[in-house]
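All remarks here apply to the structure that follows.
Residue numbers (the numbering used here): 2 to 385.
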């Protein structure tokens with residue numbers, strides 16, 4: 002319960018804020034603007050009336066602290082409201098990467114209306130101005146992701162009674178672009194690049210044959226021949242299990258060894274930049290072969306499309322790829338099978354016999370004996 006505390010001859014109301022999850026014990030001091038203990042006790046009573054709300058994250062401007070002479074909820078700025086939201090999400094166990102993504106969206110919103118703008122005054126006009134500003138600068142998908150994060154913050158503020166109503170937030174129209182993938186020929190061209198280190202060639206093969214996201218190899222753990230991504234690291238917050246063939250396990254071990262070696266020198270490398278290096282090198286390689294529109298994620302797309310091509314089972318692909326809904330996976334089935342036979346000649350006999358093929362991951366079973374690996378050394382080079 003709130004209590005009195007005197008500092009420099011002035012009285013304050015002290016509220017202890019104890020967080021069970023974090024095991025922290027802090028205090029919030031509210032100035033009572035008086036040196037009279039009698040007056041301080043009266044004002045302390047006013048603070049106690051809203052103590053529960055203060056502990057939940059709300060801010061108040063008390064009668065003795067404003068010109069109106071009455072207690073009211075403070076009009077928080079966007080940045081202050083977000084800080085409260087962020088603190089609440091961290092207590093609830095939200096991942097740092099999730100908070101960073103929301104922070105990115107809020108920061109982009111700041112740039113339009115200012116970070117000191119009262120969050121109570123945000124309306125649909127401000128949202129529309131933000132969308133208009135973003136169009137042409139970032140993709141429609143990114144705009145909608147940002148809008149969803151802004152909505153989450155505002156909805157939290159509504160529940161905490163920081164704002165009175167939720168402004169209308171309508172998503173922008175999105176034209177779905179077809180999924181990009183690397184054909185056998187394109188992937189072979191990358192494997193043939195003299196400028197590309199063999200380590201990266203093997204790593205790109207690993208990503209194409211396992212469907213791993215960029216950082217999953219470095220965030221998971223090995224159990225027998227399975228790479229396990231725990232929910233706290235998985236994008237979908239669900240356990241993801243990736244089966245590794247002996248060859249993929251060999252490449253994985255090489256990647257981990259390199260990662261550990263580089264990350265042991267904190268003055269030269271950051272852990273995220275070590276994983277990010279694979280993406281940058283892949284993008285450079287794609288430009289060199291004349292496929293500059295390809296992105297690192299297209300290796301994962303290639304895995305999914307190849308798996309669908311040989312199984313014809315989109316539900317199975319959804320499970321293997323780690324999607325939470327088959328709806329997310331259906332984009333990989335929007336290709337003519339004959340086109341895929343042309344783009345993946347190494348899989349042609351399997352695609353044509355797909356109904357009789359056991360439903361197993363692609364791994365290296367369908368690639369080690371093809372032209373794709375003809376110029377690629379699979380022997381792991383000793384570390385120096």
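For glycine and all other residues, C-beta sits at the position ideal for the given N, C-alpha and C.
Going by other Cβ atoms of all chains shown within 10 Å of its Cβ, with 16 needed for buried, is residue i buried or exposed?
i	result
residue 227	exposed
residue 39	exposed
residue 210	buried
residue 112	exposed
residue 319	buried
residue 256	buried
residue 212	buried
residue 339	exposed
residue 261	exposed
residue 1	The structure shown does not extend to residue 1, since the chain spans only 2 to 385, so no value can be given for it.
residue 109	buried
residue 7	exposed
residue 325	exposed
residue 359	The predicted position of residue 359 is uncertain, since its pLDDT is 49 and thus under 50; a value taken from the coordinates is nonetheless stated next. Under this definition residue 359 is an exposed residue.
residue 434	Any answer about residue 434 is impossible in this case: the structure gives the chain only from 2 up to 385.
residue 323	buried
residue 175	exposed
residue 9	exposed
residue 370	Confidence in residue 370 is poor, its pLDDT being 46 and thus under 50, which makes the residue's placement too unreliable to answer from.
Of the residues the options, which one's Cα is nearest the Cα of residue i?
i	options	result
residue 27	35, 18 and 91	18
residue 248	113, 355, 118 and 207	207
residue 63	78, 79 and 45	45
residue 232	241, 224 and 308	241
residue 264	254, 275, 255 and 256	275
residue 51	92, 139, 161 and 10	161
residue 286	196, 146 and 166	196
residue 74	84, 60 and 31	60
residue 42	11, 237 and 254	11
residue 85	279, 225 and 120	120
residue 170	94, 149 and 189	149
residue 335	346, 350, 309 and 323	309
Span of the beta strand (DSSP E) holding residue i?
i	result
residue 227	227-230
residue 222	222-224
residue 50	That residue, residue 50, is in no beta strand (DSSP E); its alpha helix (DSSP H) goes 38-50.
residue 6	4-8
residue 242	241-244
The alpha helix (DSSP H) that contains residue i, what's its start and end?
i	result
residue 166	Careful: residue 166 lies outside any alpha helix (DSSP H) and carries neither H nor E.
residue 320	315-322
residue 149	141-160
residue 417	Residue 417 lies beyond the range of the chain shown here (2 to 385); nothing can be said about it.
residue 108	97-114
Hey, is residue i close to the ligand SAM, as in C-beta under 7 Å from one of its heavy atoms?
i	result
residue 338	Of the ligands one can find in the structure shown there are none, so the ligand SAM has no counterpart to examine.
ask   = Is there contact here, the stretch 180-188 with the stretch 298-312, by at least three beta-carbon pairs under 8 Å?
value = yes
Complete runs of the alpha helix (DSSP H) confined to the stretch 262-312 [at least 4 residues] = 272-289 and 298-312
inquiry  = Measuring CB atoms only, is the stretch 214-225 touching the stretch 302-321, in the sense that at least three cross pairs come out at less than 8 Å?
reply    = no
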